[in-house]
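Per the numbering used here: the sequence shown = residues 20 to 255. Below: one structure, written as structure tokens.
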Amino acid sequence: MFGGGVAWYIKQYGPQGFEVRSLMGPTPSPWPWKAMLGIWFMVFLFSLGSFQVSYGALSFVAPELVESTLNQSLFIGPEATAFPLLHNILMVILLVVAAPILEEFLFRGVLLHRWGTRWGLPGAVVGSSLIFGIFHANWIGLSMFGLVMALLYLRSRSLGLVMGVHALNNGIAAGLEVAYSWLPDPAPVSLKDFQAGWWMGLLLMAVSAPFLWRFIRRNWPFTAQPLPYEVNGQSR
Numbered sequence: 020m021f022g023g024g025v026a027w028y029i030k031q032y033g034p035q036g037f038e039v040r041s042l043m044g045p046t047p048s049p050w051p052w053k054a055m056l057g058i059w060f061m062v063f064l065f066s067l068g069s070f071q072v073s074y075g076a077l078s079f080v081a082p083e084l085v086e087s088t089l090n091q092s093l094f095i096g097p098e099a100t101a102f103p104l105l106h107n108i109l110m111v112i113l114l115v116v117a118a119p120i121l122e123e124f125l126f127r128g129v130l131l132h133r134w135g136t137r138w139g140l141p142g143a144v145v146g147s148s149l150i151f152g153i154f155h156a157n158w159i160g161l162s163m164f165g166l167v168m169a170l171l172y173l174r175s176r177s178l179g180l181v182m183g184v185h186a187l188n189n190g191i192a193a194g195l196e197v198a199y200s201w202l203p204d205p206a207p208v209s210l211k212d213f214q215a216g217w218w219m220g221l222l223l224m225a226v227s228a229p230f231l232w233r234f235i236r237r238n239w240p241f242t243a244q245p246l247p248y249e250v251n252g253q254s255r
């Protein structure tokens, strides 16, 4: 779906002078790996915590839905298909390569600029982040992720950097799921145990929230500056 949207946008606006290079911006040299890891780690903690809290509350209303979500896996075994390795490799490529490129191009690239031109950057940052979150199961955590990625893009003017952080997030999440599946006889997550861990979710949110608030407060002034596409186009 996102890939189709990106292809349509380039086809629609390419003849009107739309430049992908101006949207992508400069490539960081060297890549700020320490900063990327720090930003990713705090958003990841917040996302884990918000999932625990929100789905813990939802489990009292829709227990079957939550239990099904908890025991869902992106990767499959030989009992599900004749070619599990091929499926899992393609899933990793989708998560770590395709999804970060397409989602960042659409939400931080296209949507942020379109809404920023119409309604101003502050509203575009918040609105595009909320829409990004709604398209994911953990909408609270992913809305925060979208907000941080939007501000990182405004600060760096590099969509490639933002795609890199997104790929790092998806790659580590996929790696953790693979590692769990390799455990000898991994037990399914019970609803009772999940509900009992609500305090851990609150703790993760409490630990990460001050760092995220500091990042947002420091970088929010970039919403008063011109759009990255405009600045990148002028500097070429």
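Just so you know, even glycine gets a beta-carbon here, dropped at the ideal spot from N, CA and C. Remember, it's a predicted structure, so these values are computed and weren't measured experimentally.
- With three or more CB-CB distances shorter than 8 angstroms, the stretch 164-176 counts as touching the stretch 240-253.
- Per DSSP, the continuous alpha helix (DSSP H) segment holding Gly135 begins and ends at 131-138.
- Selection Ile58, Trp217, Arg40, Gly216 evaluated against Met168 yields Ile58 as nearest (Cα-Cα).
- Take the alpha-carbon of Ser87 and the one of Trp201: they are about 20 angstroms apart.
- Contact between Met224 and Val72 holds: CB atoms are separated by about 7 angstroms, below the 8 angstroms threshold.
- Contact annotation: Gly44 and Leu140 have beta-carbon atoms that are not nearer than 7 angstroms.
- With fewer than 16 other beta carbons inside 10 angstroms of its own, Tyr199 counts as exposed.
- Annotation: Arg137 to Val145 spans about 14 angstroms, alpha carbon to alpha carbon.
- In this structure, DSSP gives Arg176 a state outside helix and strand, which the three-state scheme calls coil.
- Taking the Cα positions, Val85 is about 14 angstroms away from Gly216.
- Using a C-beta cut-off of 8 angstroms, the stretch 118-132 makes contact with the stretch 179-189, since at least three inter-stretch Cβ pairs fall below that distance.
- Using a 10 angstroms sphere on the CB of Ala156, the tally of other CB atoms stays under 16, which defines it as exposed.
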